[in-house]
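Here's the structure we're looking at; comments come further down.
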Amino acid sequence: MPRIRLLILMGLAGAFVIAVFSAQAAERYAPEGVLLTWQQDPLTTMTIDWNTTAERESVIQYRKDGEQDWKQARGHSFPFPYSERTVHRVEITALEPGTRYQFRFGEDSTELAFRTMPADISSAPLRFAIGGDTRHDQEWMERTNRQAAKFDVDFVTWGGDLAYADGREDRLYRWVEWFDAMKELITDDGRVIPVLAGIGNHEVLGGYFYNHDDYEQNDAWRERIAPYFYALFA
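Under the numbering used here, the first residue of the sequence shown is numbered 17, with each subsequent residue one higher.
Structure (structure tokens):
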């Protein structure tokens, strides 16, 4: 009987330790949405966007796999259109090609990873997924993202018609669901897959620029008729 009691107590203690660690992991900060892309050379840079309802600094901590010390990169923040969220944007430069890096949003946050593009693709294939019309249904988008992540693709290219929000304030929820579905575009080992996105007519108020009589070809007008796209994609 004493041995049985001891085993039970050890089992309960182990369960308690697991529960404590699970609770600690659950308390780690994680943003509402994360999006990686490039504004410059994909061999040596990475742009990290994240959006959150909590007040945070626009700072990313990062380090190469195997290193102990974290480096820091600062960016800027701006409003997520028609919402209480804030978008933070940090571009990290002077990276090494074909290298995996860890990153986090502060010492209290979850850790994720990214990988720069290789300088030489003669010895290994470059894999990418391509498509568009991404969010007809959130569950479909999540399943498609999980499939892409299984192939460990280097990046994803989408040709437009992303959240089908048509630039409308009353369709903000579609972008909220879109970023929720983007959480599935992360590999099992925590690497966030970068996205290159183009604009489609379903990003635009009225469907097309020529439906606005006084439209002019400048950034102010583009941001006015496609407010989500030009805010959310670097």
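Note that the Cβ used here is the ideal one computed from N, Cα and C, for glycine as well. No experiment lies behind these values; they were computed from the predicted model shown.
Annotation for Tyr246: the continuous alpha helix (DSSP H) segment containing it runs Pro243 to Leu248.
Beta-bridge partners assigned by DSSP to Tyr45: Ser125. With a contact defined as Cβ atoms closer than 8 Å, Pro210 and Trp66 miss out at about 14 Å. Shown here for Leu142: same chain residues with a beta carbon closer than 6 Å to its own, the five before and five after excluded, namely Asp170 in chain order. When beta bridges are read from the DSSP output, Asp65 appears opposite Leu51 and Arg105. In the DSSP assignment, Lys87 forms a beta bridge with Tyr78. By the Cβ criterion, the segment 185-194 is not in contact with the segment 220-233, since fewer than three pairs of Cβ atoms, one from each stretch, lie closer than 8 Å. Under DSSP, Arg151 shares a beta bridge with no residue. Nearest Cα to Ser139 within the set Arg159, Gly114 and Glu158: Gly114. Comparing alpha-carbon positions, the option among Gly206, Pro134 and Thr109 lying closest to Ile76 turns out to be Thr109.
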